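Using this note's numbering, the first residue of the sequence shown is number 8, and each one after it goes up by one.
Here the structure is laid out as structure tokens; the discussion comes afterwards.
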Amino acid sequence: MKFLALETSCDETAAAVFTDELTVLSSVVASQTDLHAKFGGVVPEIASRAHLRNLFPVIDDALTKAGVTLADIGCVAVHNTPGLVGALLIGVSAAKMLALGLGVPLIAVNHVQSHIYACRLAAGRDIFPCVGLVVSGGHTALFRCDSPLSMTLLGGTRDDAAGEAFDKVAAILGLGFPGGPALEREAANGNPKAHAFPRAFADDGRLEFSFSGLKTSVLYACHGQDVSKAKPPEAGPKRANLAASFQAAVVDVLTIKCKQAMRKTGMRRLAVGGGVSANKPLRAALAAMCQKEGAELFIPPLALCTDNAAMAALSVEKWKLQEFAPADLDAEPNWI
Ligand code: KG4
Ligand code: ZN
């Protein structure tokens, strides 16, 4: 049984083919980074139009790479929540049309749950129950994951998501878009102890995050109090130290909160997903913490951390339960 899955929730147009035994036959991602870079962030209208242009070539590519045709597809899956509504609508409309045209079931899956399921996919074995951390451009949240489809929110961010903070601090430092990978590269040359930036809620048991104060601290450390006409700093130790100290603060907070969540729930497994989990210092810090705690850590390889359609293999779990989407399935921009 072969599934075709679509992902268009933000600025990656993606399609994947996988089987009901969770073998990924192909996973194609067309990035829109170049289109959004000059605006310093994702422009929703541009994202929707690019999805419209890219989606069918991406689907063709995914089918070809999997060595199948549409006639071999027995189920169509799509991420219908959360995300940019205009972007989600492109994937949802295409999935509905394909399922109807092929006469096969349609399954809707949640993009954030799929980020955790990417860990299950990569592990090749069951990872539930576990604590799940999703750290992306849109979300920073801890979940109690009792099973692939049962996720209870333990706590989220009060303001920015971690990825959003990476992107905004990268903009302050003039490192370009997308900020996360650029900031990680810059931080590699800096001293993470150069600035003692705040680690919000680190010392209390609240499973919540806040990154806006950290972002403002970087802004003031970079420019002083007069930020109105400030230009990004030149390349050099000052910029690298700011990047390294910011990254260290984010990594510390994420690691501490994961440890607290495992202790609170009594769960000894941690599954981490979302674009920020591609960050190497974060992966190393989580690995060290889990080893100390005697817990198992699941983080997928980089291609499954950032947005993709293979992680929508979560749909196989719904297919087993015959949880199909209605023909009038809608895009739901908000989830938590
Ligand atoms: O999961 P994702 O691809 O899309 C969303 O669902 O948001 O996450 C994108 C976010 C961006 O904010 C990007 O800057 C961040 O993940 N990111 C990183 C790294 N790679 C991507 N942040 C820190 N370090 C990285 N290496
Ligand atoms: Zn995502």
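From the three backbone atoms N, C-alpha and C, an ideal C-beta is built for every residue, glycine too.
Bear in mind that the values here come from a model prediction, so they are computed numbers and not experimental data.
Residue i versus the options, residue with shortest Cα-Cα distance
i: Val283; options: Arg276, Met296 and Asp174; result: Asp174
i: Leu77; options: Ala23, Leu289 and Ser252; result: Ala23
i: Pro155; options: Trp342, Gln254, Trp326 and Cys17; result: Trp326
i: Ala172; options: Ser100, Leu160 and His146; result: His146
i: Ala338; options: Ala291, Val257, Cys17 and Met8; result: Cys17
i: Ala1; options: Phe305, Arg192 and Met296; result: Nothing in the structure corresponds to residue 1, since the chain is present only between 8 and 343.
i: Gln120; options: Gly131, Cys312, Arg290 and Lys45; result: Cys312
i: Val92; options: Pro64, Ala125, Glu28 and Ile53; result: Ile53
i: Ala346; options: Asp335, Leu304, Val116 and Lys287; result: Within the shown structure, residues of the chain are numbered from 8 to 343, placing residue 346 beyond reach of any answer.
i: Arg270; options: Ser235, Leu214, Asp314 and Ala247; result: Leu214
i: Val142; options: Asn286, Pro333, Ala292 and Ser38; result: Asn286
i: Phe184; options: Gly144, Phe216 and Tyr124; result: Gly144
heavy atom of ligand 1 below 7 Å from residue i C-beta
i: Asp210; result: no
i: Cys17; result: yes
i: Phe63; result: no
i: Val283; result: yes
i: Asn286; result: yes
i: Glu14; result: no
i: Phe173; result: yes
i: Gly186; result: yes
i: Glu191; result: yes
Check: residue i C-beta below 7 Å from any heavy atom of ligand 2
i: Ser252; result: no
i: Asp68; result: no
i: Asp314; result: yes
i: His118; result: yes
i: His373; result: The displayed coordinates of the chain run from 8 to 343. Any statement about residue 373 would go beyond what the structure contains.
i: Ser143; result: yes
Simplified DSSP assignment, three categories, for residue i
i: Lys271; result: helix
i: Thr76; result: coil
i: Asp153; result: strand
i: Asn198; result: coil
i: Thr40; result: helix
i: Thr262; result: helix
i: Ala115; result: strand
i: Gly186; result: helix
i: Glu300; result: helix
i: Met104; result: helix
i: Glu324; result: helix
Beta-carbon separation (whole angstroms), residue i vs residue j, contact threshold 8 Å
i: Phe218; j: Asp166; result: 6 Å
i: Gly186; j: Ala195; result: About 15 Å separates the two Cβ atoms, so there is no contact after all.
i: Met274; j: Pro136; result: 6 Å
i: Pro244; j: Gly181; result: That pair is no contact at about 15 Å.
i: Leu161; j: Leu277; result: Not really, about 12 Å apart at Cβ, beyond 8 Å.
i: Thr164; j: Asn117; result: Not quite, the Cβ-Cβ distance comes to about 18 Å (not below 8 Å), so this is no contact.
i: Pro340; j: Leu95; result: 7 Å
i: Val35; j: Ala21; result: 6 Å
Between the stretch 107-120 and the stretch 78-93, do three or more beta carbon pairs fall short of 8 Å? These segments touch.
Please confirm if the stretch 21-36 is in contact with the stretch 305-324, defined as three or more CB-CB distances below 8 Å between the two stretches. yes
At a cut of 8 Å, does the stretch 251-261 reach the stretch 198-217 through at least three beta carbon pairs? By the Cβ test, the stretch 251-261 is in contact with the stretch 198-217, since at least three Cβ pairs between them sit closer than 8 Å.
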